[in-house]
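Colleague: Below are the structure tokens for one structure; questions will follow.
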Amino acid sequence: MTRTTPPRPLDVGARFPALAPLARNATRLHPRRGTPTVEQSSIGGPVLWPAGESWPVCPEASHQTVWGREVAGPVPLVPVLQLFVRDVPALPHPAGADLLQVLWCPVEEFHALDRPLLLWRDSTALGPLLELPPALHPDADDNVVPHPCVLDPEPVTDYPYADAPEELRAQLFAHDEHFVEDEQGWSMWDLLIVRGCKVGGFPSWTQDPDWPICGRCGGETEHLVTLTGWEGDRNWIPREEWALNGYAGGIERAADQGPEARANRDPLEVSFGDNGGFYVFACTACQEMPLDFRSDCH
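Residue numbers for the sequence shown follow my numbering, so the first one is 1385 and each next one is one higher.
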């Protein structure tokens, strides 16, 4: 199913002319729950893994469940993201790599968001593949393990909000203070940052921006991927799902809160702390494009 993000209901470039030159291309991934295969791009689905390579375990030696119980033994990581360049051609990638993979700890959210495994791979050079990955750890936390989701990439235009230059950022914040007081119309927070899981554009920060610096060359990194549990409301609902969500295209929030509508707007069902996000970065100035990450929450 093709999913189409409708145009923003306001011409944000006309409202704030300084925004226009800051626009960036991005790709909404539109994850939806399904049964992806190892040959597909996915969130929470199976990943291509060489049979001769040990399955990774959490580097933290000790774990506790959400109830405070100690967990014994090594904890196998779980797949979080598998992204083929063929599905998102705009994804920057090093020469000889066509696949980005992210795995993390399924037991403790702190370990998951602070000690993930980020990998570039050449999918054509993996050799024999692992047929059966380790079973999900019995103490896995449902708030950390994403539902398996297929992807439907869509090119869109992204704008900065927290990452806007200081003078423009002050104008955006002032506009939104008025919006919060009146609780009417559209806030720039609602309109500028592309909602949901995406490639490129700007990170969907819920706290102050915290861009990594490359540990090799000391240069700035580029935002590759945002993962978040919320795909957006109102104008961020794809046109093809308006009827399902009871949305008519105005400022009123979607009326239908049925199971399918909720699953489409929160497909991963991962909390990311408290409705925050996980962000992947790479240094495009370095030949190997080393990866880094950040996470935040409300």
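Heads up, the beta-carbon is just placed ideally off N, CA and C, and yes, glycines get one too.
1. So residue 1628 and residue 1615 are supposed to be a Cβ contact under 8 Å. How far apart are they, rounded?
2. From residue 1651 to residue 1531, what does the alpha carbon distance come to, in whole angstroms?
3. Kindly indicate which three-state DSSP category residue 1659 falls into: helix, strand or coil?
4. Mapping DSSP to helix, strand and coil, what is residue 1578?
5. I need the boundaries of the beta strand (DSSP E) containing residue 1374, first residue and last residue.
6. Identify whether residue 1590 lies in helix, strand or coil by the three-state DSSP scheme.
7. To which residues of the same chain is residue 1606 closer than 7 Å at the C-beta, ignoring the five residues directly before and after it?
8. To which residues of the same chain is residue 1403 closer than 6 Å at the C-beta, ignoring the five residues directly before and after it?
9. Cβ atoms of residue 1441 and residue 1523: under 8 Å apart, would you say?
10. Mind checking residue 1675: buried by the 16 CB within 10 Å criterion, or exposed?
11. Report the rounded CA-to-CA distance for residue 1459 versus residue 1482, giving the unit in angstroms.
12. Rounded to whole angstroms, how far is the Cβ of residue 1683 from the Cβ of residue 1540, which I believe are closer than 8 Å?
13. With DSSP as the reference, identify every bridge partner of residue 1483, one or two as the case may be.
14. I need the straight-line Cα distance from residue 1480 to residue 1472, nearest angstrom please.
15. Mind reading off the beta-carbon distance from residue 1624 to residue 1388? Whole number of angstroms is fine, and I expect it under 8 Å.
Modeller: Reading off the structure:
1. On the sequence shown, position 244 is the one that residue 1628 refers to. On the sequence shown, position 231 is the one that residue 1615 refers to. Your pair residue 1628 and residue 1615 does not check out as a contact, with CB atoms roughly 13 Å apart and the cut at 8 Å.
2. Working through the sequence shown from its first residue, we reach residue 1651 at position 267. Working through the sequence shown from its first residue, we reach residue 1531 at position 147. Those two C-alpha atoms are separated by around 7 Å.
3. What you label residue 1659 is simply residue 275 of the sequence shown in a count that begins at 1. Looking at residue 1659 - three-state DSSP - the assignment turns out to be helix.
4. Position 194 of the sequence shown, counted from the start, is the residue given in the question as residue 1578. DSSP, reduced to helix, strand and coil, places residue 1578 outside both helices and strands of the structure shown, so it counts as coil.
5. Residue coverage of the chain in this structure runs from 1385 to 1682, which leaves residue 1374 outside it and unanswerable.
6. The residue given as residue 1590 occupies position 206 in the sequence shown. Of the three classes helix, strand and coil, the one that applies to residue 1590 here is coil, per DSSP.
7. Here residue 1606 corresponds to residue number 222 of the sequence shown, with the count starting at 1. Cβ neighbours of residue 1606 beyond the five flanking positions: 1476, 1665, 1666, 1668.
8. As a first step, residue 1403 must be located in the sequence shown, where it is residue number 19. Around residue 1403: 1396, 1397, 1543.
9. Within the sequence shown, residue 1523 is the residue found at index 139, counting from 1. Within the sequence shown, residue 1441 is the residue found at index 57, counting from 1. Not in contact: residue 1523 and residue 1441 (Cβ atoms no closer than 8 Å).
10. Within the sequence shown, the letter at position 291 stands for residue 1675. Classified as buried, residue 1675 has 16 or more neighbouring CB atoms from the shown chains inside 10 Å of its CB.
11. Here residue 1459 refers to the residue found at position 75 when the sequence shown is read from its first residue. Here residue 1482 refers to the residue found at position 98 when the sequence shown is read from its first residue. It is roughly 28 Å from the alpha-carbon of residue 1459 to the alpha-carbon of residue 1482.
12. No answer is possible for residue 1683: it lies beyond the span of the chain, which begins at 1385 and ends at 1682.
13. Here the question's residue 1483 lines up with position 99 in the sequence shown. DSSP output for residue 1483 lists 1468, 1505 as bridge partner(s).
14. Counting from one through the sequence shown, the residue named residue 1480 turns up at place 96. Counting from one through the sequence shown, the residue named residue 1472 turns up at place 88. If I take the Cα positions, the gap works out to 16 Å.
15. Working through the sequence shown from its first residue, we reach residue 1624 at position 240. Working through the sequence shown from its first residue, we reach residue 1388 at position 4. About 6 Å separates the CB atoms of residue 1624 and residue 1388; that is less than 8 Å, so the two are in contact.
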